[in-house]
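Following: one structure in structure tokens, then a few remarks.
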Amino acid sequence: TYSKWKAIKNVTKVGTVGFIGYTFYNMYEHSHPVMNPTPADPSKKTIVILGSGWASTSFLKSIDTELYNVVVVSPRNYFLFTPLLPSTTVGTIDHRSLVEPIRFITRHKPNEVKVYEAECTEIDSDKKIITIVDNSEVKGDRATSTISYDYLVVGVGAQSQTFGIKGVEEYGCFLKEVWDAQKIRTKLMDCIETAAFPGQAPEEIERLLHMVVVGGGPTGIEYAAELHDFLAEDLSAWYPELVGKIKITLIEAMPNVLPAFSKQLIDYTESTFKEQHISLHTKTMVKEVKEKEIIVQGPSGEKEAMPYGLLVWATGNTTRPLIRNLMTQHPETQNIRRGLAVDDWLRMAGANDIYALGDATATKYAPTAQVAAQQGKYLARVFAQLHATEQYENEVEIAATAEEKAKKARKLQKAQDIKPFHYSHQGSLCYIGSDKAIADVPFGPGNVAAGGVATYAFWRSAYISNLFSARNRWLVITDWTKKTFWGRDISRE
Ligand code: FAD
Ligand code: NAI
């Protein structure tokens, strides 16, 4: 027993020293960019990357800028760690803890990478030119430009699906970007403060305090869970007069929530929601959203008006207009409505030198950060092999002796052997409130399904280790600690 304890002590010591060392290294790295990166070289090919999300950032991190000129175009100049975004809607975590500027990556590359905060509005795949527009609030005299590419990497993600249901865009809140989470937080506090206004009629208080979430996928579930924690842990202390009056309803069109998880975890989530007094309406469709009520159709087919104060809409993804436009340029090969059709090497079907990855594509994989990040890393390897192929083709041509030619030909053959993308699933996690999480993790030939408080500890450590930088890790741990001691901030932004 003594030697076992000694071993545990030693492992803990090494782990702690390693963690502290890594943190200091990362702090040093963060504040020491490459001061004079080598400028772009016109003799090299140019890769234009669209987007700064999971797919594009993972590609950017891995691409060798000594082989290619690289340009990044994205309307937001940062990477966002989406898995913890629901926590920012109620102030468990500050949104600034989850973002990292894209220039943090580019300034650590040996060669210059151009970054343009702009939206790509058009892709001309014949001329290999894209049009970019500065859609931000502050515009200079020039807000439109064009960029030529040799290769285009499309990682623009997807946008929230509304199915064209009337009123969703106008009155609902989505949960995809930082500004969505900020809007939810502001509106939530506004509903609560308005309900506390003197003389408010009881039925109006009931409406204002009815928080409705539409969509029982992981986004809707995690948001409802965070909202429950906020109401249970913080609001009861700040607004004792409203205790018992706040209601959360989750509406799901299918017979159960979280269709991608195992049956036992679905049951566990539904029973946890019941304990948390989150009202689940399955087999229920939203037909229309009005300013103060939504029209829903339940399993009986009857339509009903449901008054609400805050509506969060999380019914999945749809393609962005840029992608739809690109698809219409290639009607024979691009006919999947879910997104861009790509082959197993992430080449866009029907176009030359366009690669697409992440949520912008329609593949056999779920639209997740895990898939997008693995695709980005894979694609950077593909580009290294493409470069090696060109190099060995030239070297074979100019080889002086037969022996050298054969040697180079073997290298060329190896470079040309580009393996298709292979996805390795690391498991699915979801927070369900009250310090409980669920996890479906592949184990050997099967799966391990777990749920509860211990899984929540696993959920936390998995997300902490996957955060983008040591700075993000530090900030998130600080936010969690702050919340434990002082609770969440209820000030309206
Ligand atoms: P995104 O990350 O959405 O990035 C798209 C990028 O393209 C953005 O930078 C955007 O600004 C940019 N862009 C948009 N339009 C243009 C344009 N016209 N021109 C140029 N750039 C453009 N997945 C998991 O695996 N695990 C999780 O726990 C998880 N949690 C999630 C929680 C929430 C709340 C949400 C919304 C999603 C979650 N996901 C999770 C899914 C995951 O976030 C997505 O699958 C992932 O973001 C897809 O990566 P992407 O790079 O394709 O798109
Ligand atoms: P989703 O597509 O996973 O779920 C949307 C849900 O809304 C579905 O259950 C659907 O049946 C329901 N729905 C659709 N239309 C409806 C309507 N009119 N009325 C009521 N319900 C309706 O979308 P979500 O949750 O936004 O996730 C998108 C992607 O991001 C998924 O691939 C998901 O796995 C991933 N993600 C993963 C997370 C995690 O692993 N923790 C967290 C959040 C997202």
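If you're matching positions, the sequence shown starts at 40 in UniProt numbering and goes up one per residue. Glycine included, each C-beta is placed from N, C-alpha and C at the ideal position.
(message) Suppose the cutoff is 7 Å on Cβ atoms and the five residues either side in sequence are ignored; what does the same chain contact list for E532 look like?
(response) Cβ within range, chain order: Q221, R224, T225.
(message) Beta-carbon within less than 7 Å of I244's beta-carbon, same chain only, minus the 5 sequence neighbours each way: which residues are those?
(response) Result list for I244: A234, K284, in chain order.
(message) Please determine whether the Cβ atom of K215 lies at a distance below 7 Å from any heavy atom of ligand 1.
(response) Yes - ligand 1 has a heavy atom lying nearer than 7 Å to the Cβ of K215.
(request) Determine the direct distance from the alpha carbon of P76 to that of I88, and round the result to whole angstroms. (result) In a straight line, the C-alpha of I88 is about 19 Å away from that of P76.
(message) In whole angstroms, give me the CA-to-CA distance for V109 and T85.
(response) If I take the Cα positions, the gap works out to 6 Å.
(request) Could you name each continuous beta strand (DSSP E) segment of 3 residues or more that falls completely within the region 47 to 130, going from the start of the chain to the end? (result) Entirely contained in the region 47 to 130, the beta strand (DSSP E) runs reaching 3 residues are, in chain order, 85 to 89, 108 to 113, 117 to 119.
(request) Evaluate the contact criterion for the region 253 to 265 versus the region 297 to 304: three or more CB pairs, one atom per stretch, below 8 Å. (result) In the pairwise beta carbon analysis, the region 253 to 265 is classified as touching the region 297 to 304: at least three pairs are separated by under 8 Å.
(message) Distance check for G466 and P481, CA to CA, integer angstroms please.
(response) Each residue's alpha carbon lies about 6 Å from the other.
(request) On the DSSP bridge assignment, give the partners of F482 in chain order. (result) Partner(s): G485.
(request) Per DSSP, which residues does I156 bridge with? Please list them. (result) Correcting the residue type first, residue 156 is Glu in the shown sequence and not Ile. In DSSP, E156 forms a bridge with S113.
(request) Note the first and the last residue of the continuous beta strand (DSSP E) segment covering H320. (result) Here the beta strand (DSSP E) through H320 covers 317 to 320.
(request) Pull up the distance between the alpha-carbon of K134 and that of V193, whole angstroms please. (result) The question names Lys, but residue 134 is His in the sequence shown. Going by the C-alpha atoms only, they are around 26 Å apart.
(message) For A476 and G490, I'd like the C-alpha separation in whole angstroms.
(response) Straight-line Cα distance between these residues: approximately 6 Å.
(request) Could you say if the region 183 to 203 and the region 393 to 405 meet the contact criterion of at least three C-beta pairs nearer than 8 Å? (result) Between the region 183 to 203 and the region 393 to 405 there are three or more C-beta pairs closer than 8 Å, enough to call the two in contact.
(request) Output the distance between the C-alpha atoms of G472 and E280, rounded to the nearest integer angstrom. (result) About 23 Å.
(message) According to DSSP, simplified to helix, strand and coil, what is T323?
(response) Three-state result, T323: coil.
(request) Return the CA-CA distance between P484 and F460, expressed in angstroms with no decimal places. (result) The alpha-carbon separation between P484 and F460 amounts to approximately 21 Å.
(request) Name the one or two DSSP bridge partners that W352 has. (result) W352 is bridged to V253.
(request) May I ask you to list the residues that DSSP assigns as paired with R386? (result) Beta-bridge pairing links R386 to Y394.
(message) Checking the sheet assignment: what are the DSSP bridge partners for K286?
(response) According to DSSP, which records beta bridges pairwise, K286 is partnered with H249.
(request) Please specify which runs of the beta strand (DSSP E), each continuous and at least 3 residues long, are wholly inside the region 132 to 188, giving them in chain order. (result) The qualifying runs are 138 to 140, 152 to 156, 158 to 163, 168 to 172, 183 to 187.
(request) Identify which residue in W525, S275, M387, A478 has its Cα closest to the Cα of I162. (result) Nearest option by C-alpha distance: M387.
(message) Assess contact between the region 197 to 216 and the region 344 to 353, defined as three or more Cβ pairs (one per stretch) separated by less than 8 Å. Is contact present?
(response) The region 197 to 216 vs the region 344 to 353: in contact.
(message) According to DSSP, is Y470 part of a helix, a strand, or is it coil?
(response) Three-state DSSP puts Y470 in a strand.
(message) Checking 8 Å against the spacing of the C-beta atoms, do T428 and A448 come in under that value?
(response) No; because the gap between Cβ atoms is not below 8 Å, this pair is not in contact.
(message) Does the beta-carbon of D456, which I'm using as the reference point, lie nearer than 7 Å to any heavy atom of ligand 1?
(response) Of the heavy atoms belonging to ligand 1, none sits nearer than 7 Å to the Cβ of D456.
(message) Please classify H262 as buried or exposed, where buried requires at least 16 other C-beta atoms within 10 Å of its C-beta.
(response) Residue identity differs from the one stated: residue 262 is Tyr in this sequence, not His. The Cβ neighbour count for Y262, taken over all protein chains shown within 10 Å, is at least 16; the residue is labelled buried.
(request) Tell whether a beta-carbon distance below 8 Å holds between S113 and L514. (result) Against a cut-off of 8 Å, the Cβ pair of L514 and S113 comes out as no contact.
(message) I want to know whether the region 119 to 126 touches the region 145 to 157 - three or more CB-CB distances under 8 Å.
(response) They do not touch, by the three-pair rule.
(message) Can you tell me whether S199 is helix, strand or coil according to DSSP?
(response) S199 falls in the strand class under three-state DSSP.
(message) What would DSSP say about Q336, mapped onto helix, strand or coil?
(response) In the structure shown, Q336 sits in a strand (DSSP, three-state: E or B).
(message) Comparing C-alpha positions only, which one of S530, R510, G526, K521 sits nearest to I59?
(response) Closest option to I59, Cα to Cα, is R510.
(message) Could you tell me the alpha carbon to alpha carbon distance between Q303 and I168, rounded to whole angstroms?
(response) Those two C-alpha atoms are separated by around 51 Å.
(request) Report yes or no: do the region 418 to 433 and the region 89 to 109 share at least 3 C-beta pairs separated by less than 8 Å? (result) Enough Cβ pairs lie closer than 8 Å, so yes.
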